[in-house]
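Scroll down for the structure; my scribbles are underneath it.
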Amino acid sequence: MRKLLLIILLCSTVAFGQRRRTLYHQLQSTFAIGYVAPATPSTDTSINGAFTLNVANSGIVQGLVTDQVAKKNRDTLNYKLQLAHQLGDTIFQFSDSIYAYFDVQADNYNRAPEQGVFIPGDMHFKMHDSVWLYVQPNAKPSYALLTSTREDNITISGGHLIGDRYTHTYATGTDGDTHEFGYGIYLRGAHNVVIDNVHIESMTGDAIIVQSTQHRNDDGSEKPEGHYNKNWTIRNCYLNKSRRNNISLTDIDSITIHNNTITNGGDGGYWSSAEGYNSKGVLPRYNIDLEAINYLDDTGDLRYTEVVKNVVIRNNDFSGAYNGDIDLYKSWAVEIHDNTFDSYIANVASYDIEIHHNTFTNTGALSDRKFAIQVTERLRSDGSDFCQDYVIYDNTITGFEVGIKLGATSNEVYNNDINNCLTGIMLLNGADNSFTNNDIDSNVSGSRGYYTLSTGPTVTNTTITNCDIDVAEYGALFQNLNSTATSNEITITGVNFKAFQDIELRNTHWLTLNSCIYTTYNAINGSANITINNP
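Last residue of the sequence shown: 534 in numbering that gives the first Met the number 0, with the numbers rising by one and none dropped.
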């Protein structure tokens, strides 16, 4: 029996070696994208669908190396990945610890796939905690450490991906002087992707960017020749100090981002163009940016050439971004819940957004963080609003200059606790908005509950209902509110005001107070059409 088992084992080993040698020649002749096999023989294994790279004799040189060696490292790892794929393996893993640099630089944004470490479809690229893959320092505007194009069913887990942000040469005279296109993971046009427990740090661009192979039709439908991202999960990752954004979503239908630590997106302090581009952050400088790029046509309608929709962002810990934590640039059908933030969520032209059960805490000076949540209008040429149908509820906001700044159209804000902000809620230009059961409590000097800037917004068909306001200065301070309106536009019902000056109206028009509790009331500077219905 022992002899039989030994013969079977030897035959299996020989068969694997012969198969690997045969595939070597096939790979050399059929892979037009230029993978190069290592010169030295290796003792990798392929068992039960798992390919294990024997690090010790893989041909990958560890530690600091020349550009030439780093390029060979890349080609070697690519060859091994393609070998595993051709063998039918669905797991690629490392036998031991590895600390290696890879030349993944590219001359322009539309890089060829072989210029990075290319992950085949139907593959789990499985790294353990002692796998450290570094970008070889370079002067190119673009790179991707792990990449793929038109590949589906990919999992990337574990390990560390480290960029060259602080060792990069920010050369001028290129097609991308900003050098913002260096990525940790860049999978173009992929279905069914999981990125799990990966540490990504110090990229010149983004830790993870989600982009499809090409633009869509103007109505957002897919082009037959395109391959568009669907069904992604990013979880349990540590994403830190990306020079641009930690995560950028440019085209995706259905993604869940959960249980990650996402920190220091675009950090590095104030940057001036006089400095030239350097390791300091480059715009937008967010932790997550939902940034579908769409254009207005000649009629003012939006061309949905990229789509970001059906996004869930939950149970993440955000901190340290130079600008904000989440930029809702252009997206829809987004739910953001049960996260912790130390900065803000802001919008440009997004709609159908749900923000709930989050905790926003600014631990610095009020001026460090201007607001926690901002929703502003973005009007089409026909006067309709791109930004509508935001539902914001059950959030706790502490220590910001403004808790919530909201205008736009058809939004609901309710059951939020806003503490120790200079302004609880600021009203912006908007219509058909409701504010219900929001409690505002602040001992900050000069603090206000509800507030408008002196520039004077137009607020149409808006209600404020059943709130407790306990602040240092003004319970409600409205300035030049609806100064050009011709009908009743804002109604305040059942609000309990407690402040040095409960209600002050300055050139405010068409406002109704119903069953409110207050001690001090002052309407000045031409305020008119104020209706008070108190029992």
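We put the CB at the ideal spot given by N, CA and C, even for glycine.
Near residue i, what residues of its chain come up, given a Cβ to Cβ distance below 8 Å and the 5 sequence neighbours on each side ignored?
{"i": "residue 50", "result": "43, 44, 79, 82, 83, 86, 88, 90, 91 and 92"}
So what's residue i in DSSP terms, helix, strand or just coil?
{"i": "residue 309", "result": "strand"}
{"i": "residue 414", "result": "coil"}
{"i": "residue 84", "result": "helix"}
{"i": "residue 105", "result": "strand"}
{"i": "residue 78", "result": "helix"}
{"i": "residue 517", "result": "coil"}
{"i": "residue 197", "result": "coil"}
{"i": "residue 221", "result": "coil"}
{"i": "residue 291", "result": "coil"}
{"i": "residue 114", "result": "helix"}
{"i": "residue 229", "result": "strand"}
{"i": "residue 401", "result": "strand"}
{"i": "residue 213", "result": "coil"}
{"i": "residue 552", "result": "Nothing can be reported for residue 552, as the shown portion of the chain is limited to 0 through 534."}
{"i": "residue 70", "result": "helix"}
{"i": "residue 367", "result": "helix"}
{"i": "residue 179", "result": "coil"}
{"i": "residue 532", "result": "strand"}
{"i": "residue 334", "result": "strand"}
{"i": "residue 353", "result": "strand"}
Kindly identify the DSSP beta-bridge partner or partners of residue i.
{"i": "residue 99", "result": "62 and 132"}
{"i": "residue 347", "result": "DSSP, once it has assigned bridges, lists no residue as partnering residue 347."}
{"i": "residue 239", "result": "200 and 262"}
{"i": "residue 488", "result": "None; residue 488 has no bridge partner."}
{"i": "residue 44", "result": "51"}
{"i": "residue 445", "result": "Beta-bridge pairing links residue 445 to no other residue."}
So residue i packs on residue j, CB below 8 Å; how close in whole Å?
{"i": "residue 244", "j": "residue 286", "result": "7 Å"}
{"i": "residue 442", "j": "residue 471", "result": "6 Å"}
{"i": "residue 205", "j": "residue 229", "result": "Going by Cβ atoms, the distance from residue 205 to residue 229 rounds to 20 Å, so no, they are not a contact pair."}
{"i": "residue 479", "j": "residue 506", "result": "5 Å"}
{"i": "residue 357", "j": "residue 386", "result": "Not quite, the Cβ-Cβ distance comes to about 19 Å (not below 8 Å), so this is no contact."}
{"i": "residue 305", "j": "residue 320", "result": "Actually they are not in contact, since the Cβ atoms of residue 305 and residue 320 sit about 23 Å apart, beyond 8 Å."}
{"i": "residue 220", "j": "residue 180", "result": "Their Cβ separation, rounded to whole angstroms, is 27 Å, which puts residue 220 and residue 180 out of contact at 8 Å."}
{"i": "residue 340", "j": "residue 399", "result": "About 10 Å separates the two Cβ atoms, so there is no contact after all."}
{"i": "residue 468", "j": "residue 496", "result": "5 Å"}
{"i": "residue 352", "j": "residue 389", "result": "5 Å"}
For residue i, does the count of other Cβ atoms within 10 angstroms reach 16, so buried, or fall short, so exposed?
{"i": "residue 523", "result": "exposed"}
{"i": "residue 145", "result": "buried"}
{"i": "residue 527", "result": "exposed"}
{"i": "residue 75", "result": "buried"}
{"i": "residue 348", "result": "buried"}
{"i": "residue 223", "result": "exposed"}
{"i": "residue 268", "result": "exposed"}
{"i": "residue 294", "result": "exposed"}
{"i": "residue 273", "result": "exposed"}
{"i": "residue 454", "result": "exposed"}
Looking only at its chain, what residues have a beta carbon closer than 6 Å to the beta carbon of residue i, apart from the 5 residues adjacent to it on each side?
{"i": "residue 156", "result": "125, 195 and 196"}
{"i": "residue 184", "result": "145 and 207"}
{"i": "residue 200", "result": "161, 239 and 240"}
{"i": "residue 318", "result": "262 and 341"}
Give every residue of the same chain whose Cβ lies closer than 7 Å to the Cβ of residue i, excluding the five residues on either side of it in the sequence, and list them in chain order.
{"i": "residue 153", "result": "118, 120, 122, 147, 186, 189 and 192"}
{"i": "residue 98", "result": "61, 62 and 131"}
{"i": "residue 218", "result": "303"}
{"i": "residue 445", "result": "421, 471 and 472"}
Is residue i near the ligand MN, with its Cβ less than 7 Å from a heavy atom?
{"i": "residue 158", "result": "For the structure depicted, the ligand MN is absent and the ligand set is empty, with no information on it obtainable."}
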